[in-house]
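Structure, as structure tokens:
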Amino acid sequence: MQSLFLYNSLTNKKELFEPVKEGYVGMYVCGPTVYSNVHLGNVRTFMSFDMIYRYFLHLGYKVRYVRNITDAGHLTDDSQEDKISTKARLEQLEPMEIVQKYTTDFHQILQKFNFLPPSIEPTATGHIVEQIEAIQTILENGLAYEVNGSVYFDVLKYNEKEHYGILSKRNIDDAIENTRALDGQTDKKNPQDFALWKKAEPEHIQRWNSPWGIGFPGWHLECTVMSTKYLGEEFDIHGGGMDLKFPHHECEIAQAQACNHVSPVKYWLHGNMLTMNGKKMAKSTGNNILPEEIFTGDNHNISKAYAPSVARFFMMQAHYRSILDFSDEALSASEKGYNRLMEAMDAVNSLQIGATSTVDISSWKEKCYEAMNDDFNTPILIAHLFEAVKWINLILDGKESVNEADLDLLKTTLFTFTFDILGLENAQKSADSSDRVEGLVELLIQMRKQARDNRDWALSDKIRDELLALGVQLKDGKDGTTFSLN
Ligand code: AMP
Ligand code: ZN
1 MQSLFLYNSL TNKKELFEPV KEGYVGMYVC GPTVYSNVHL GNVRTFMSFD
51 MIYRYFLHLG YKVRYVRNIT DAGHLTDDSQ EDKISTKARL EQLEPMEIVQ
101 KYTTDFHQIL QKFNFLPPSI EPTATGHIVE QIEAIQTILE NGLAYEVNGS
151 VYFDVLKYNE KEHYGILSKR NIDDAIENTR ALDGQTDKKN PQDFALWKKA
201 EPEHIQRWNS PWGIGFPGWH LECTVMSTKY LGEEFDIHGG GMDLKFPHHE
251 CEIAQAQACN HVSPVKYWLH GNMLTMNGKK MAKSTGNNIL PEEIFTGDNH
301 NISKAYAPSV ARFFMMQAHY RSILDFSDEA LSASEKGYNR LMEAMDAVNS
351 LQIGATSTVD ISSWKEKCYE AMNDDFNTPI LIAHLFEAVK WINLILDGKE
401 SVNEADLDLL KTTLFTFTFD ILGLENAQKS ADSSDRVEGL VELLIQMRKQ
451 ARDNRDWALS DKIRDELLAL GVQLKDGKDG TTFSLN
């Protein structure tokens, strides 16, 4: 097994990765709040963890990757309502219609960027019972209190024995300054206390019965409950964007300690922000770009459309803990680099085998691993991949040579890092293959028409039925036959 070092936000140090259980990795990443379309900033954080997931899988670990869907409880800053309920009321939809719509959008977008699906994708609303049980435990342990149908975590009491602020490196006084007094939260004993359960006002649509009356769970609690349920009281990795460190992740640590008396996570990993015009991409400020706009080019910040893999390459060219600024120029530069990489990968198949090697593929491969083992340093990895691109072009020109074994190693290493670990795809190839499918189906449609003209119903039905079995549905209309892929 490779020695992998990762930067732990809990200790602010790079540490050797040593799993809780040999050979296994448990990883939890905070998922989206599904009340609007994900923007490219959200995608960046999830993509960093997709790359990290891919690398652990590549190293041979059995990984259980849990990424939740927040479909209740995430409060907006300016009201005591949660984001889903507010949107449902504004759009006059069932909250679950909002949830379904944006969960589907989230999945479709991630699929276009070639994400691997997580092992488990639990929802907050599917775990209300567990959240109520956790609140009861925290109450029994004396670290929460009930007021007017709401339950709050008692941060000062917790801080007598533990350190609230251990992750975000704050002391309790900073925490007070950074916690806005939300209206309706005057029930709290102290401003830094946070809601575990909130009483639902009559207009609040998402509501559940509890020992404290009708209400809904606090946002921080769902992640504690779902990570513990699926990964245990102590697990390996918890990830999310930097902006979630405080208060969300700080509260997660406090809740888990209050329930189970152990620090829940060995390695806290935080991805940095995607910015545009120097400012954080965010839903609330309008300073954002949607993935769909990248694919169509339909946004005034960009001059043209870009393939999902180009956007993925652009993100992988930055280290996950560095700020990355989005711009048309940067994306266009990435497109050139990406095309050069793909061209070299196409060319590698037609390289001549030499008698000897003038390039050292084995130590190049080691350097690729060293980059990834150094806190998933994808920009350094990509620099090494371009060293291979340079060699491929020199070999093509007859200026360097590789023997058969080295050529094999070059090919497999290059393909593994580019496709399996960085998750890139050859955009040209996938476009080509869908053109090919379309051409083949059109050909079969013409052959079926001929069969029908010849009254050969058996053949015409066979073509229709077998295409259907392959997921291609033919539709006969006035203007001929069209098809759709299921
Ligand atoms: P949300 O749906 O707001 O809970 O956010 C989902 C994820 O996206 C969280 O992990 C956030 O940290 C992350 N995120 C939000 N904005 C950005 C951004 N501009 N750049 C990178 N990650 C972001
Ligand atoms: Zn979370």
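Note that our numbering has the sequence shown beginning at 1, numbered continuously upward.
Just so you know, even glycine gets a beta-carbon here, dropped at the ideal spot from N, CA and C.
This one's a predicted model, so the numbers in the text were calculated from it and none came from an experiment.
Got a sec: does the ligand AMP put a non-hydrogen atom nearer than 7 Å to the Cβ of R44? Mapped onto the sequence shown, residue 44 falls at position 44. Answer for R44: yes, Cβ within range of the ligand AMP.
If you count every other CB in all the chains shown that lies within 10 Å of the CB of T356, and 16 or more means buried, which is it? Translated into the one-based positions of the sequence shown, residue 356 becomes position 356. That one is exposed.
May I ask whether a heavy atom of the ligand ZN can be found less than 7 Å away from the beta carbon of H248? On the sequence shown, position 248 is the one that residue 248 refers to. Answer for H248: yes, Cβ within range of the ligand ZN.
Using 7 Å as the cut-off, classify the Cβ of L331 as near or not near the heavy atoms of the ligand AMP, replying yes or no. Here residue 331 refers to the residue found at position 331 of the sequence shown. Placement of the Cβ of L331 at a distance of 7 Å or more from every heavy atom of the ligand AMP is found.
Less than 8 Å between the beta carbons of S227 and Y28, yes or no? Working through the sequence shown from its first residue, we reach residue 227 at position 227. Working through the sequence shown from its first residue, we reach residue 28 at position 28. For S227 and Y28, yes; Cβs fall inside 8 Å.
By how many angstroms is the C-alpha of L143 removed from the C-alpha of E160? Along the sequence shown, read from residue 1 onward, the residue named residue 160 stands at position 160. Along the sequence shown, read from residue 1 onward, the residue named residue 143 stands at position 143. C-alpha separation (whole angstroms): 11 Å.
T70: buried (16+ other C-beta within 10 angstroms of its C-beta) or exposed? Counted from its first residue, the sequence shown places residue 70 at position 70. Buried.
Among residues of its own chain, excluding the 5 on either side of A347, which ones have a beta-carbon nearer than 8 Å to its beta-carbon? Numbered from 1 along the sequence shown, position 347 holds the residue referred to as residue 347. Here A347 has I392, N393 and L396 as same chain residues with Cβ atoms under 8 Å from its own Cβ, once five neighbours each way along the sequence are excluded.
Excluding five sequence neighbours on each side, which residues of the same chain lie with their C-beta closer than 6 Å to the C-beta of Y230? For the purposes of this step, residue 230 is identified with residue 230 of the sequence shown, where counting begins at 1. Answer for Y230: V66 and I120, listed in chain order.
Are the beta-carbon atoms belonging to H163 and F194 less than 8 Å from one another? Counted from its first residue, the sequence shown places residue 163 at position 163. Counted from its first residue, the sequence shown places residue 194 at position 194. Contact flag unset, no.
Give the single residue among T358, Y338, V310 and G215 whose Cα lies nearest to the Cα of V147. Counted from its first residue, the sequence shown places residue 147 at position 147. Considering only alpha carbons, the answer is G215.
Length-filtered (4 minimum) alpha helix (DSSP H) runs lying within the segment 30–94: List check, alpha helix (DSSP H) in window: 40–58 and 83–91.
Residue burial classification, A305 (beta-carbon count within 10 angstroms, cutoff 16): The count along the sequence shown starts at 1 and reaches residue 305 at position 305. Counting other Cβ atoms within 10 Å of its Cβ, A305 stays below 16 and is therefore classed as exposed.
Within 10 Å of its beta-carbon, does L485 have 16 or more other beta-carbons around it, so buried, or fewer, so exposed? Counted from its first residue, the sequence shown places residue 485 at position 485. With fewer than 16 other Cβ atoms within 10 Å, it is exposed.
Please state whether the Cβ-Cβ distance between Y158 and K189 is less than 8 Å. Numbered from 1 along the sequence shown, position 158 holds the residue referred to as residue 158. Numbered from 1 along the sequence shown, position 189 holds the residue referred to as residue 189. No; because the gap between Cβ atoms is not below 8 Å, this pair is not in contact.
Classify D154 as helix, strand or coil using the three-state DSSP reduction. In the sequence shown, counting from the first residue as 1, residue 154 sits at position 154. Note: D154 maps to coil in three-state DSSP.
Own chain, CB closer than 7 Å to S85, minus 5 neighbours either side, in chain order: Within the sequence shown, numbered from 1, the residue matching residue 85 stands at position 85. Around S85: P95, H204, I205 and Q206.
Rounded C-beta distance between G423 and R54? I'm assuming under 8 Å. Locating residue 423 in the sequence shown gives position 423, counting from the first residue. Locating residue 54 in the sequence shown gives position 54, counting from the first residue. Beta-carbon to beta-carbon, G423 and R54 are separated by about 6 Å, close enough to satisfy the 8 Å threshold.
Return the CA-CA distance between L468 and L474, expressed in angstroms with no decimal places. Here residue 468 corresponds to residue number 468 of the sequence shown, with the count starting at 1. Here residue 474 corresponds to residue number 474 of the sequence shown, with the count starting at 1. For L468 and L474, the distance between alpha carbons rounds to 8 Å.
Using the C-alpha atoms, what's the distance from R44 back to K101? Position 101 of the sequence shown, counted from the first residue, corresponds to residue 101. Position 44 of the sequence shown, counted from the first residue, corresponds to residue 44. Computed Cα separation, rounded: 21 Å.
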